[in-house]
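Enquirer: Here it is, the structure, as structure tokens.
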Amino acid sequence: MARIAIFGAGYVGLVTGACFADLGHDVVVRDILEERVDELRAGRVPIHEPGLEELLAKNANRLSFTLDVGEALDGAEFAFVAVGTPPTASGDADLAAVWTVVHSLPQLDQGLILVMKSTVPVGTGEKVRAELDSLGLGHVGYVSNPEFLAEGTAVRDFTNPDRVVVGAFEPEHAERVAALYDGIETTVVTTDVASAEMIKLASNAFLTTRVSFINEIANVCELVGADVTDVALGVGLDARLGPHFLRAGIGWGGSCFGKDVSALKQLAGNSGYHFQLLAAVIEVNELQKRRLVGKLKSQLGNLRGKVVAVLGVAFKPETDDTRDAPSLVLIGRLLAEGAEVRAWDPIAPERVLPQGVTLHRDHLDALDGADAAVIVTEWPQLRGLASPEVRDAMRNPLIVDGRNLLDPSAARAAGFSYEGVGRGSPSVAEPAGTPEPDAVPQ
Ligand code: UDX
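The numbers in the sequence shown follow the working numbering, run straight up by one, and end at 442.
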């Protein structure tokens, strides 16, 4: 079993640390935030990620947390870099935190391998290698081992990965990093550093392309009276295409997609190539986030003074992460239109909301007297939204379902006006014989 240091106690660092400890390795997680390290030492987990708290507790004897680089590296054979690489103003990846880790490495006697988990532009490994050499750390190895875990399912994704990608300058280093995953059944893709870096960026770009594609199909479905959920089912059954990432909705968000896709577009541009397809994928997503405002206007007319309940603030369910969340763009647009916005989310923090927007933990409070309910995040708690209780609480029983969470005919039968994404025009989707809202028994 190995001794592993992990730089960065965010989603990736903590999940990686907990899962490696669970495989039997000794792990020290180092962060620069004193408060975060204190909390972790006290057994409190600063982020919401299903299964993580239990895993950290279960492996507490093989896990420690520190602010000190020397302590983290004491006896370590591997140092994983799991720090943030947020976008700069130009859309490139900001590698400041990565360089800080590289420059914080002391002169080491031991044969350490630096393993890059953070998402970085292609060519970063080459640059870090050169920097290590010039710092007198030529004996420190470098391996790219990108992370593919998704928030909300991160622990499961680590323990059941579709693949582990290892890109190295020296085959022996690749083998040693791959061996850390012994006990996990998966395909290991061993390649050069630049290709490993590109696999991560290309994967995220492809996933967003699929979602933007199905969102455009949904928009056309609305015009021609087709239902995108059936279309996606039929398309996804083609084994060459597969069923994943074909859920139409309000657009993709999250801490990775936006920054990684933009970083790949910039990387291509900086290298002399205009990545036209990716530019369209991004633009389609920006427009998609704003489309729901048009739907609300067509139902309610001018939005000035209208009360809109935005249901879901997190960028996806089972996380409290609101980075690049479509909800925030929608809320901004609604406020600009003069609407009164109430938000509901079971765990998202209130501080991310603009001034004047209230956050409710009980969705009935947000819906009380509302002119419209907009489903932005497909939290399971919202499945029963089309209930008599909600209908009676709202001033105007309109549901705009940005995630196609509800069954349109059931919602209409329950007395709501309902509009999803790409589910035909209401007149077409309405099955014959569906009772009018006021004909529904109370
Ligand atoms: C993503 C990648 O899946 C993961 O491999 C990478 O390491 C980090 O980025 P994550 O951001 O946690 O993970 O969430 P994901 O489940 O991929 O969803 C991203 C966004 O796409 C969400 O806003 C989600 O609502 C949206 N999405 C996803 C759709 O709109 N439709 C889909 O069919 C799938």
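Each residue gets a CB set at the ideal place from its N, CA and C atoms; glycine is no exception.
(1) How many Å lie between Ile-4 and Thr-319 at the Cα?
(2) Spatial neighbours of Gly-253 within its chain, please: C-beta separation below 6 Å, excluding the five flanking residues on both sides.
(3) Return the bridge partner residues of Thr-191 from the DSSP annotation.
(4) What's the C-alpha gap between Leu-114 and Leu-23?
(5) Between Thr-85, Pro-106 and Ile-199, which lies nearest to Ala-96 when the distance is taken from Cα to Cα?
(6) Between Gly-13, Ile-184, Asn-59 and Lys-127, which lies nearest to Ile-47 when the distance is taken from Cα to Cα?
(7) Is the stretch 198–215 touching the stretch 240–259, taking contact as three or more C-beta pairs under 8 Å?
(8) Just to confirm the assignment: which complete alpha helix (DSSP H) runs, minimum length 4, are found wholly within the stretch 264–308?
(9) Would Val-188 pass as a contact of Ala-196 if the rule is Cβ separation under 8 Å?
(10) The beta strand (DSSP E) that contains Gly-51, what's its start and end?
(11) Do you know whose CA, among Ile-217, Asn-219, Lys-200 and Val-220, lies nearest Leu-264's CA?
(12) Please list, in chain order, all residues of the same chain as Tyr-11 whose beta carbon is under 7 Å from its beta carbon, the five residues on each side excluded.
(13) Within the continuous beta strand (DSSP E) that includes Phe-78, where are the two ends?
(14) Going by the DSSP bridge assignment, what does Gly-141 pair with across the sheet?
(15) Rounded to whole angstroms, what is the Cα-Cα separation between Glu-175 and Phe-80?
(16) Here's the rule I'm using: 16 or more other beta-carbon atoms within 10 Å means buried, otherwise exposed. How should Pro-354 be labelled?
(17) If you run the structure through DSSP and keep just helix, strand and coil, what is Thr-124?
(18) Is there contact between the stretch 378–397 and the stretch 282–298, where contact requires at least three CB pairs shorter than 8 Å?
(19) Looking at the ligand UDX, does it come within less than 7 Å of Gly-51, judged from the CB to the closest heavy atom?
(20) Please classify Asn-160 as buried or exposed, where buried requires at least 16 neighbouring CB atoms within 10 angstroms.
(21) Quick one: give me the first and last residue of the beta strand (DSSP E) that His-360 is part of.
(22) Which of helix, strand or coil does DSSP assign to Ala-336?
(23) Quick check: is any heavy atom of the ligand UDX less than 7 Å from the C-beta of Phe-206?
(24) Please work out which residues of its chain come closer than 6 Å, Cβ to Cβ, to Glu-378, disregarding the five sequence neighbours upstream and downstream, and give them in chain order.
(25) Along the alpha helix (DSSP H) that carries Glu-71, what are the first and last residues, could you check?
(26) Go to Val-155, then tell me how far its alpha helix (DSSP H) extends in each direction, as first and last residue.
(27) Could you tell me if His-363 is buried or exposed, where buried requires 16 or more neighbouring beta carbons within 10 angstroms of its beta carbon?
(28) With contact counted as at least three CB pairs below 8 Å, one residue from each stretch, are the stretch 336–348 and the stretch 276–290 in contact?
(29) Beta carbon of Leu-63, beta carbon of Leu-56: below 8 Å?
(30) Going by CA-CA distance only, name the one from Phe-7, Val-128, Ala-60 and Trp-99 that's closest to Gly-70.
Expert: To lay it out plainly:
(1) By 1-based counting over the sequence shown, the position of residue 4 is 4. By 1-based counting over the sequence shown, the position of residue 319 is 319. So the alpha carbons of these two residues sit roughly 27 Å apart.
(2) Looking up residue 253 in the sequence shown gives position 253. Counting only Cβ-Cβ distances below 6 Å, and skipping sequence neighbours, we find Phe-315, Asp-324, Ala-325 and Pro-326.
(3) The count along the sequence shown starts at 1 and reaches residue 191 at position 191. Answer is Gly-167, bridged to Thr-191.
(4) Here residue 114 corresponds to residue number 114 of the sequence shown, with the count starting at 1. Here residue 23 corresponds to residue number 23 of the sequence shown, with the count starting at 1. Cα to Cα, the separation comes out at about 20 Å.
(5) Taking the first residue of the sequence shown as position 1, residue 96 is located at position 96. Closest in alpha carbon position to Ala-96, among Thr-85, Pro-106 and Ile-199, is Thr-85.
(6) Here residue 47 refers to the residue found at position 47 when the sequence shown is read from its first residue. The candidate whose alpha carbon is nearest that of Ile-47 is Gly-13.
(7) yes
(8) 276–300
(9) Your numbering for residue 188 matches position 188 in the sequence shown. Your numbering for residue 196 matches position 196 in the sequence shown. Contact: no.
(10) Taking the sequence shown and counting its residues from 1, the one referred to as residue 51 is at position 51. Where Gly-51 is concerned, there is no enclosing beta strand (DSSP E), given that its DSSP letter is neither H nor E.
(11) On the sequence shown, residue 264 is found 264 positions in, with the first residue counted as 1. The candidate whose alpha carbon is nearest that of Leu-264 is Lys-200.
(12) Reading the sequence shown from its first residue, position 11 is the one you call residue 11. The answer, listed in chain order, is Ile-47, Glu-49, Glu-151 and Ala-154.
(13) For this step, residue 78 is matched to residue 78 along the sequence shown. 78–81 is the span of the beta strand (DSSP E), which, as asked, contains Phe-78.
(14) If you number the sequence shown from 1, residue 141 lands on position 141. Answer by DSSP bridge pairing, in chain order: Ile-113.
(15) Numbered from 1 along the sequence shown, position 175 holds the residue referred to as residue 175. Numbered from 1 along the sequence shown, position 80 holds the residue referred to as residue 80. For Glu-175 and Phe-80, the distance between alpha carbons rounds to 16 Å.
(16) Position 354 of the sequence shown holds residue 354. Counting Cβ neighbours within 10 Å, Pro-354 comes out exposed, since fewer than 16 surround it.
(17) By one-based count along the sequence shown, residue 124 stands at place 124. It is helical.
(18) no
(19) Along the sequence shown, one-based indexing puts residue 51 at 51. No, the ligand UDX has no heavy atom inside 7 Å of this Cβ.
(20) Position 160 of the sequence shown, counting from 1, holds the residue named residue 160. When all chains shown are included, Asn-160 counts as exposed.
(21) Counting from one through the sequence shown, the residue named residue 360 turns up at place 360. From DSSP, the beta strand (DSSP E) with His-360 extends over 358–360.
(22) Along the sequence shown, read from residue 1 onward, the residue named residue 336 stands at position 336. In this structure, Ala-336 counts as helix in the three-state DSSP scheme.
(23) On the sequence shown, position 206 is the one that residue 206 refers to. False, no ligand heavy atom lies under 7 Å from that Cβ.
(24) On the sequence shown, residue 378 is found 378 positions in, with the first residue counted as 1. Here the set comprises Pro-317, Arg-403 and Leu-405.
(25) As a first step, residue 71 must be located in the sequence shown, where it is residue number 71. Note, Glu-71: alpha helix (DSSP H), 69–73.
(26) Taking the sequence shown and counting its residues from 1, one reaches residue 155 at position 155. Counting along the chain, the alpha helix (DSSP H) containing Val-155 begins and ends at 154–159.
(27) For the purposes of this step, residue 363 is taken as the residue at position 363 of the sequence shown. So His-363 ends up on the buried side.
(28) no
(29) Here residue 63 refers to the residue found at position 63 of the sequence shown. Here residue 56 refers to the residue found at position 56 of the sequence shown. Closer than 8 Å, so yes.
(30) On the sequence shown, residue 70 is found 70 positions in, with the first residue counted as 1. Gly-70 has its Cα closest to that of Phe-7, out of Phe-7, Val-128, Ala-60 and Trp-99.
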